[in-house]
Amino acid sequence: MASSRPTDVGLASRCLPVLSGVEVVREGRVEPFLHTHPTLSSSSVRWAGFAVEDYSIPACVIPRHEHLENFLHVVLRGSVKYEVLTRGRVFDFRASPGTTFILPQGTIDELRWKGPTHRIVVAIHPSLLLNALEETAQERNIELTEQG
């Protein structure tokens with residue numbers, strides 16, 4: 001999906017998009033990851049290549065969506081059960097402080113959180129990772145892939 005996001009010049013003179021927040025695609029529309037306002041957000045800073053948001057939310061369903069960027073999720077507070085629906089399967093997990101997941105760009109999932117959590121979510125543009133590894137990896141592209 002083509003993005004209309006503005007760009008900013010990043011390290012190594014590569015253009016990185018300025019991410020206005022952690023966004024996903026739902027039913028063909030780009031929208032915020034969660035349907036509630038974050039308690040903290042990097043959106044006003046306009047960082048190139050990544051966005052950070054902090055949420056304290058009750059039990060919720062995060063409807064089916066596709067991640068536009070690589071995605072990092074860390075639970076800071078709350079010990080709760082949750083379900084992940086992805087690739088036609090349902091996975092049951094228990095989250096506690098420190099529970100972390102990293103999803104590659106393009107992952108499609110739905111989540112059902114059974115209790116309240118305080119969490120941080122981060123969207124990371126693939127070019128930012130490539131720039132970070134450029135001096136040592138000498139690769140033309142980097143891709144996070146799902147294992148399992």
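Counting with my numbering, you get residues 1 to 148 for the letters of the sequence shown.
By construction, the Cβ of each residue, glycine as well, lies at the ideal position given by its N, Cα and C atoms.
This structure is a prediction, so every number in the text was calculated from the model and none was measured.
Residue ranges of uninterrupted beta strand (DSSP E) with 3 or more members, entirely inside the segment 82-137 and ordered along the chain, are 89-95, 100-103, 108-113 and 117-124. Between the C-alpha atoms of Tyr82 and Trp113 there is a straight-line separation of about 4 Å. Under the DSSP assignment, His35 falls outside any beta strand (DSSP E); it carries neither an H nor an E label. By the neighbour-count criterion, in which 16 or more other beta carbons inside 10 Å mark a residue as buried, Ser127 falls on the buried side. The beta carbon of Leu85 sits closer than 6 Å to those of Glu110, all from its chain and outside the five residues before and after it, given in chain order.
If you ignore the 5 residues before and after Ser43, its C-beta comes within less than 6 Å of the C-beta of Ser20 and Gly21, all in its own chain and listed in chain order. Beta-carbon to beta-carbon, Val24 and His67 are separated by about 6 Å, close enough to satisfy the 8 Å threshold. Here Pro38 is near Tyr55, since their CB atoms are less than 7 Å apart.
For Val75, the CB contacts under 8 Å within the same chain, skipping 5 residues up- and downstream, are Ala95, Ser96, Pro97, Gly98, Thr99, Thr100, Thr117, His118 and Arg119 in chain order. Leu68 sits in coil when the DSSP states are folded into three classes, being neither helix nor strand.
Going by beta carbons, Ile124 and Glu69 fall inside the 7 Å limit.
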